[in-house]
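To keep things clear, I will list the structure first and then write my remarks on it.
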Amino acid sequence: MVLRLIFSLIIIASSSLIGNIYANGFIERTKLLASMLSTLQMLETEIIYSATPLPQLLGKVAKKSKGEIGNILEATAEILYKKEGYIFSEAWRIAIEQETTKTAFHKEDIEVLLALGNNLGISDSNDQVKHIRLTKEEIKRNYEMAIVDQGKSVKLYRNLGFLLGVTIVIVFF
Numbered sequence: 001m002v003l004r005l006i007f008s009l010i011i012i013a014s015s016s017l018i019g020n021i022y023a024n025g026f027i028e029r030t031k032l033l034a035s036m037l038s039t040l041q042m043l044e045t046e047i048i049y050s051a052t053p054l055p056q057l058l059g060k061v062a063k064k065s066k067g068e069i070g071n072i073l074e075a076t077a078e079i080l081y082k083k084e085g086y087i088f089s090e091a092w093r094i095a096i097e098q099e100t101t102k103t104a105f106h107k108e109d110i111e112v113l114l115a116l117g118n119n120l121g122i123s124d125s126n127d128q129v130k131h132i133r134l135t136k137e138e139i140k141r142n143y144e145m146a147i148v149d150q151g152k153s154v155k156l157y158r159n160l161g162f163l164l165g166v167t168i169v170i171v172f173f
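Those letters in the sequence shown? Residues 1 to 173, by UniProt numbering.
What follows is the structure, encoded as structure tokens:
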């Protein structure tokens with residue numbers, strides 16, 4: 001009897017933990033998009049008010065940025081500093097492919113970031129600022145949709161995990 005109770009609690013706790021892990025993916029994406037918005041704002045400000053070369057600018061903004069976003073900027077700057085013949089868009093794409101594999105970014109978020117890389121570093125600062133503002137609007141739209149998804153899905157996955165554990169316990173015990 002005690003053994004059944006222990007196994008039941010372990011099953012319910014495990015399935016609840018799995019539900020929480022899935023729910024945290026939605027929360028993490030929302031945080032990443034918010035961090036990306038603030039990083040793009042810093043990047044825009046640096047482009048407007050300084051004449052710093054792009055690799056140095058990316059390194060400077062990367063130090064101020066949080067986690068995964070800073071890693072993307074830092075990786076891009078490192079690729080450009082190596083001077084292996086990559087243009088900015090290629091270095092940006094390589095960095096995004098390397099750094100977003102372990103993040104909660106969705107495919108559409110990555111596509112927006114890749115599109116930004118195609119437009120930075122090839123025109124004057126005014127055009128670059130326009131592209132950054134356009135990207136900020138797209139990220140903001142994705143952020144708002146992520147908040148809606150988070151509101152629905154977090155509660156769903158947490159409850160689903162718990163209820164799945166209870167169902168398993170009822171069926172097998």
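Just so you know, even glycine gets a beta-carbon here, dropped at the ideal spot from N, CA and C.
{"Asked": "Hey, would you say the C-beta of Glu78 is under 7 Å away from at least one heavy atom of the ligand SAH?", "Found": "As presented, the structure is devoid of all ligands, the ligand SAH included, so that no description of it is given."}
{"Asked": "Answer with buried or exposed for Ile136, where buried requires no fewer than 16 other C-beta atoms within 10 angstroms of its C-beta.", "Found": "The question names Ile, but residue 136 is Lys in the sequence shown. The residue is buried, with at least 16 neighbouring Cβ atoms inside 10 Å."}
{"Asked": "Can Ala77 and Pro55 be called in contact, C-beta distance under 8 Å?", "Found": "yes"}
{"Asked": "Could you check which residue in Val166, Leu116, Gly67 and Leu156 has the C-alpha nearest to that of Ile139?", "Found": "Leu116"}
{"Asked": "Under the three-state reduction of DSSP, which class applies to Glu84: helix, strand or coil?", "Found": "coil"}
{"Asked": "On a CA-only basis, which of His131, Ile79 and Phe173 is nearest Arg93? Give me that one, please.", "Found": "Ile79"}
{"Asked": "Under a three-way DSSP split, which group does Gly121 fall into?", "Found": "coil"}
{"Asked": "Which residues in the same chain as Glu144 place their Cβ atom closer than 6 Å to its Cβ, once the five residues preceding and following it in sequence are excluded?", "Found": "none"}
{"Asked": "In terms of residues, what are the limits of the alpha helix (DSSP H) holding Met1?", "Found": "From DSSP, Met1 is part of no alpha helix (DSSP H); its letter is neither H nor E."}
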